[in-house]
Amino acid sequence: MTESAPLDVDLALLGGGGAASLLLAALDRHGVHDLRIAVVDPVRRRGQDRTWAFWGHPGTDLDPLLSASWQQVEVATAARRRVLDLTPLRYAMLRSGPVYDRAAAAERRLDATRIVAPADTVTDDGTRVRVRTGDGQTVRAGWVLDSRPRPPARAGRTTWLQHFRGWWLEADRPVFDPARAVLMDFRTPQPPRGVSFGYVLPVSDRYALVEYTEFSPDLLTDAGYDAALAAYRDLLGLDPAGLRVREVENGVIPMTDAPFPARPSPRVIRLGTAGGATRPSTGFTFSAMYRQADQVARALAAGRPPVPQAAYPRRHRWMDAVALRALDRGGVGGPDFFDRLFDRNPAERVLRFLDGVTTPAEEVAIMNSTRLLPMIAATAGDAAHRVRDRLRPTRPAPAVPPAVVGAEPSGG
Ligand SMILES: Cc1cc2nc3c(=O)[nH]c(=O)nc-3n(C[C@H](O)[C@H](O)[C@H](O)COP(=O)(O)OP(=O)(O)OC[C@H]3O[C@@H](n4cnc5c(N)ncnc54)[C@H](O)[C@@H]3O)c2cc1C
């Protein structure tokens, strides 16, 4: 392989997926057009490979890209179905295609160099970072923004996965209510260890994404996801004869209190899931990625280093560790945990809490709405586990397994 001259840039983005796409758009939006930028990813992300659902205030640059948004959402348990009015927030659906298209347009306007190869080694000498790519190129960058997927630095005290399969269902006649999304429907059979729920994101009265999700330590089989999703479809009262599966979406997201170092060396910043943007207790990632992209772009526009705030405050990471432990060790039932949160708090407070942007006083109210004794037991267990962790050698974290992908859509 021939050595080419190093490419000198101000910013190198390693990974060009969700976090990098939001960052490219933010750089463009904030007028950061005088920096030399390289984007390194073996894959050029295009089209539909995921659907992001998130909540937030309307009136952002994302509005024109949304496929749907809802002011009302439903949270259902075996005991009741609660309709939540999210005002002033709204729940929204963003398909990856428009996000990647907008990022590609921003990339052209920013005149970024695209390297279609994996980034292999990253060496930070404190003033510049040297990146070696899989096709033998060298990039020298002032800063590296690294969103390549990676396991956490060491094993967590609780290691769960959020894993799911969704069907984009097209119906012969109106069967969905486009005015309302189902956020979490816990009427699904609960796994022996973990939590399961279904949800429905309608874009019209005949077209919706219907998903089955588990928070648990292990994946299901292909047939297991299909059976769970078919059972959820039946629970919704949808007749399979009048439905076609147009697309299938599979995914696995880490849910763990293991650490994802956000700044492994002076000039390397990690973003996205690799940088800790995935909320351990829910798997939601999008809002933190969006927030951090905006912070990085604003900092660069003001001539400051591209260092965002932590994705979540430390106290939220602690609360998540305790909640995950309580759910994992069986002290708290998942449906009961989420039901109580929404029962005893305004929906807006719960959603802002899950995004990591509540005040400490609001967090006390949130904690008070959970079952006290199991949470105290989980808090004590978490503290003891931290002490034990300090005394024994670090254990490596397991890699997040790839999603189980089945056959093509079969027609419902
Ligand atoms: C199917 C699915 C649905 C999701 N839905 C939601 C949702 O509704 N709401 C929510 O909040 N979160 C959701 N998430 C979680 C999260 O928002 C996404 O995973 C998001 O894409 C994470 O962005 P990222 O940039 O960290 O990782 P990715 O988007 O996965 O991007 C990582 C990039 O790194 C590249 N890469 C890999 N190896 C290398 C290498 N060696 N060198 C360079 N590049 C490399 C990959 O090709 C990829 O493009 C979902 C995740 C999945 C998988």
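Position in the sequence shown counted from 1, then plus 231, gives you the numbering used here.
Cβ coordinates follow ideal geometry from the N, Cα and C atoms, glycine included.
Asn599 by DSSP, collapsed to three states: which one? Asn599 falls in the helix class under three-state DSSP.
Ignoring anything shorter than 3 residues or poking outside the stretch 483 to 553, list the beta strand (DSSP E) runs there in chain order. For the stretch 483 to 553, whole beta strand (DSSP E) runs of length 3 or above, ordered along the chain, are 499 to 501.
Of all the alpha helix (DSSP H) runs that stay within the bounds of the stretch 607 to 633, which reach a length of 4 or more residues? none
Measuring from the CB of Glu338, is there a heavy atom of ligand 1 at a distance below 7 Å? no
What is the C-beta distance between Gly246 and Asp280, in whole angstroms, given that I count them as a contact (C-beta under 8 Å)? Not really, about 14 Å apart at Cβ, beyond 8 Å.
Just how far apart, CA to CA, sit Leu296 and Arg277? 15 Å
Asp559 beta carbon near ligand 3 (any heavy atom closer than 7 Å): Here the bound small molecules are ligand 1; ligand 3 is not part of this structure.
Restricting to Cα atoms, I'd like to know which of Arg359, Arg321 and Arg529 is closest to Glu579. Arg321
What does the Cβ neighbour count give for Val631, buried or exposed, with the cut at 16 atoms within 10 Å? buried
Segment limits, alpha helix (DSSP H) that includes Gly429: Counting along the chain, Gly429 falls outside any alpha helix (DSSP H), though it belongs to the beta strand (DSSP E) covering Val426 to Pro433.
Run through DSSP, which three-state label would Arg411 get? strand
Tell me which residue opens and which closes the beta strand (DSSP E) that Leu238 is part of. Leu238 to Leu245
Give every residue of the same chain whose Cβ lies closer than 6 Å to the Cβ of Val270, excluding the five residues on either side of it in the sequence, and list them in chain order. Leu244, Gly247, Ala343 and Arg345
Using the C-alpha atoms, what's the distance from Val362 back to Val538? 19 Å
Counterpart residues of Val441 in DSSP-defined beta bridges: Trp398 and Val431
Simplified DSSP state of Gly642, which is helix, strand or coil: For Gly642, the predicted model reports a pLDDT of 47, less than 50, meaning its position is unreliable and no value from the coordinates is stated.
Count the CB pairs spanning the stretch 443 to 461 and the stretch 602 to 610 that are closer than 8 Å, and state whether there are at least three. Result no; under three Cβ-Cβ pairs closer than 8 Å.
For Arg418 and Ala309, which I take to be in contact (beta-carbon distance under 8 Å), what is that distance rounded to the nearest angstrom? With a beta-carbon spacing of about 6 Å, Arg418 and Ala309 fall inside the 8 Å limit used to define contacts.
Trp283 Cβ short of 7 Å to ligand 1 heavy atom set: yes
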